[in-house]
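Student: Residues in the sequence shown are numbered consecutively from 1, following full-length UniProt numbering. Right, I'll just put the structure down here and ask away after.
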Amino acid sequence: MNKNLKGTIMVLMAGIAWGISGISGQYLMTHGLNINLLTSMRLIVSGLLLTVMAIISQPQHFFRAIKQLKVLGGIAVFAIIGLLMNQYAYLMAIHYTNAGTATVLQYVAPIIILAYVSLKNKQLPTLSELFAILFAILGTFIIATHGHFDGLAMTPKGFFWGLFSAVTYSFYIVLPVKLIRKFGSFTVIGLGMLMGGIVFPIMTRSWQYPLVLTSGNWLALFGIIIIGTVFAYTFFLKGTTIIGAVKGSLLAAVEPVSSVFFSVTIMHEIFYPMDFVGMIFIIVAVLTVSLHDLIAVRKHLH
1 MNKNLKGTIM
11 VLMAGIAWGI
21 SGISGQYLMT
31 HGLNINLLTS
41 MRLIVSGLLL
51 TVMAIISQPQ
61 HFFRAIKQLK
71 VLGGIAVFAI
81 IGLLMNQYAY
91 LMAIHYTNAG
101 TATVLQYVAP
111 IIILAYVSLK
121 NKQLPTLSEL
131 FAILFAILGT
141 FIIATHGHFD
151 GLAMTPKGFF
161 WGLFSAVTYS
171 FYIVLPVKLI
181 RKFGSFTVIG
191 LGMLMGGIVF
201 PIMTRSWQYP
211 LVLTSGNWLA
221 LFGIIIIGTV
231 FAYTFFLKGT
241 TIIGAVKGSL
251 LAAVEPVSSV
261 FFSVTIMHEI
271 FYPMDFVGMI
281 FIIVAVLTVS
291 LHDLIAVRKH
301 LH
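Take a look at the structure:
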């Protein structure tokens with residue numbers, strides 16, 4: 001198999017796996033698993049598995065990281081503000097809307113980062129970036145209101161948690177960049193999830209909630225932890241090492257599409273035409289930013 005094709009398939013599979021993760025979370029919450037317990041379980045089990053993978057695949061990076069208090073402090077900040085808050089906000093958004101809508105709203109994050117960088121650098125966005133920002137705002141408005149100015153088409157809590165998950169996802173993307181460059185993704189994300197998995201149960205007393213384990217719930221737990229976390233991260237990271245991070249982020253936009261597909265086919269969610277219009281606007285906005293970056297990288301290489 002062609003190397004680039006292999007990398008492309010791996011990234012696409014990772015995006016689909018993340019879509020499975022969202023729908024698995026929705027299934028578990030509608031079948032008796034409390035959101036606090038689910039968040040805790042996902043952080044602890046995924047954190048343990050990714051940390052073991054870090055020790056096996058990147059032992060030098062891992063042991064160098066845990067010996068430095070400043071590094072552990074940086075990972076702790078990422079763990080709380082990026083990982084923990086994003087995991088919880090995303091599941092809350094799913095709880096009040098559905099996996100498809102929550103995933104699409106979370107994908108506004110790159111546009112938030114773009115707007116923040118433009119303001120921070122006191123630099124006007126390019127025409128394509130401005131186009132992306134306007135499309136993301138318009139798409140979010142359409143999903144939230146179905147084009148009507150007199151009220152929301154979803155619950156206010158669903159809209160709040162959807163946008164808050166996008167903000168926390170922005171932190172999740174930005175905060176660990178330098179740490180990942182120095183110590184690798186598995187080390188930083190694995191330790192971050194473990195730290196979040198220690199803090200969150202103490203904050204919420206997650207152990208007080210019943211652990212409902214039917215055959216369907218076991219399958220969904222496998223979906224959210226193994227497929228949606230371990231498999232997805234592994235394939236995405238390996239795929240992007242082959243085809244590049246920018247092209248990888250472009251292809252990973254298959255996640256909201258797969259999430260909507262699974263919401264309809266598995267959870268039998270009903271989406272209206274205006275929902276799809278809004279989703280298309282947001283996905284086009286994200287693809288515009290990714291394509292702009294891809295063109296810039298190729299120009300730089302030539």
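Glycine included, C-beta positions come from ideal geometry on N, C-alpha and C. What you are looking at is a predicted structure, and each value in this text was computed from that prediction instead of being measured.
#1: At what residues does the alpha helix (DSSP H) containing residue 87 begin and finish?
#2: Nearest to residue 277 by CA position, among 142, 240, 251 and 194, is which residue?
#3: When burial is assigned at 16 or more other CB atoms within 10 Å of the CB, is residue 265 buried or exposed?
#4: Please determine, among 285, 7, 11 and 42, the residue with the shortest C-alpha to C-alpha distance to residue 192.
#5: Mind reading off the beta-carbon distance from residue 139 to residue 279? Whole number of angstroms is fine, and I expect it under 8 Å.
#6: Where does residue 200 land, buried or exposed, given buried means 16+ other C-beta within 10 angstroms?
#7: Distance, Cα to Cα, residue 250 vs residue 164?
#8: Please name the residue in 198, 220, 61 and 57 whose C-alpha comes closest to that of residue 32.
#9: Evaluate residue 70 with the Cβ neighbour count: other Cβ atoms within 10 Å of its Cβ, from every protein chain shown; 16 or more gives buried, anything less gives exposed.
#10: Determine, for residue 94, whether the minimum Cβ-Cβ distance to residues of chain C falls below 8 Å.
#11: Can you grab the Cα-Cα spacing for the pair residue 217 / residue 28, in whole Å?
#12: By how many angstroms is the C-alpha of residue 75 removed from the C-alpha of residue 84?
#13: Per DSSP, what kind of secondary structure is residue 282 in: helix, strand or coil?
#14: Tell me which residue opens and which closes the alpha helix (DSSP H) that residue 304 is part of.
#15: Please state whether the Cβ-Cβ distance between residue 102 and residue 113 is less than 8 Å.
#16: From residue 150 to residue 107, what distance separates their C-alpha atoms?
#17: Which residue marks the beginning of the alpha helix (DSSP H) containing residue 107, and which one marks its end?
#18: Give me the Cα-Cα distance between residue 136 and residue 257, rounded to the nearest whole angstrom.
#19: Check residue 239 in the structure and name its three-state DSSP category.
#20: Return the residue from the list 209, 19 and 11 that minimises the CA-CA distance to residue 247.
#21: For the alpha helix (DSSP H) containing residue 325, list its first residue and its last residue.
#22: Given a threshold of 16 other Cβ atoms within 10 Å of its Cβ, counted over all protein chains shown, does residue 313 qualify as buried or as exposed?
#23: To which residues of the same chain is residue 98 closer than 8 Å at the C-beta, ignoring the five residues directly before and after it?
Tutor: With the structure as the only source:
#1: Translated into the one-based positions of the sequence shown, residue 87 becomes position 87. First-last of the alpha helix (DSSP H) with residue 87: 85–96.
#2: Counted from its first residue, the sequence shown places residue 277 at position 277. Nearest C-alpha to residue 277: 142.
#3: In the sequence shown, the residue the question calls residue 265 occupies position 265. By the neighbour-count rule (16 or more Cβ atoms within 10 Å), residue 265 is not buried but exposed.
#4: Numbered from its first residue, the sequence shown carries residue 192 at position 192. The candidate whose alpha carbon is nearest that of residue 192 is 42.
#5: Here the question's residue 139 lines up with position 139 in the sequence shown. Here the question's residue 279 lines up with position 279 in the sequence shown. Between residue 279 and residue 139 the Cβ distance is about 7 Å, and since that is below 8 Å, they are a contact.
#6: On the sequence shown, position 200 is the one that residue 200 refers to. Buried, because 16 or more other Cβ atoms sit within 10 Å of the Cβ of residue 200.
#7: To locate residue 250, count along the sequence shown from 1; it is residue 250. To locate residue 164, count along the sequence shown from 1; it is residue 164. Between residue 250 and residue 164, the C-alpha separation is close to 23 Å.
#8: In the sequence shown, the residue the question calls residue 32 occupies position 32. Nearest option by C-alpha distance: 220.
#9: What you label residue 70 is simply residue 70 of the sequence shown in a count that begins at 1. Counting the other Cβ atoms within 10 Å of the Cβ of residue 70 gives fewer than 16, which makes it exposed.
#10: Absence of chain C from the displayed structure is noted, only one protein chain being present.
#11: Sequence index remark: in the sequence shown, residue 217 carries index 217 (1-based). Sequence index remark: in the sequence shown, residue 28 carries index 28 (1-based). Using only the alpha carbons, I get a separation of about 6 Å.
#12: Numbered from its first residue, the sequence shown carries residue 84 at position 84. Numbered from its first residue, the sequence shown carries residue 75 at position 75. Residue 84 and residue 75: Cα-Cα distance of roughly 12 Å.
#13: Locating residue 282 in the sequence shown gives position 282, counting from the first residue. Residue 282 sits in a helix when the DSSP states are folded into three classes.
#14: Because the chain here runs from 1 to 302, residue 304 falls outside it and cannot be looked at.
#15: In the sequence shown, the residue the question calls residue 102 occupies position 102. In the sequence shown, the residue the question calls residue 113 occupies position 113. Contact: no.
#16: Stepping through the sequence shown from its first residue, residue 150 is reached at position 150. Stepping through the sequence shown from its first residue, residue 107 is reached at position 107. Each residue's Cα considered, the two are about 25 Å apart.
#17: Within the sequence shown, residue 107 is the residue found at index 107, counting from 1. No alpha helix (DSSP H) holds residue 107; DSSP gives it neither H nor E.
#18: By 1-based counting over the sequence shown, the position of residue 136 is 136. By 1-based counting over the sequence shown, the position of residue 257 is 257. Their backbone Cα atoms lie some 16 Å apart in a straight line.
#19: By 1-based counting over the sequence shown, the position of residue 239 is 239. Residue 239 falls in the helix class under three-state DSSP.
#20: As a first step, residue 247 must be located in the sequence shown, where it is residue number 247. For residue 247, the closest of 209, 19 and 11 by C-alpha to C-alpha distance is 11.
#21: In this structure the chain extends from 1 to 302, so residue 325 is not present and cannot be described.
#22: Lying before the first or after the last residue shown, residue 313 is absent from the chain, which here runs from 1 to 302.
#23: In the sequence shown, the residue the question calls residue 98 occupies position 98. 26, 263, 267 and 269, listed in sequence order.
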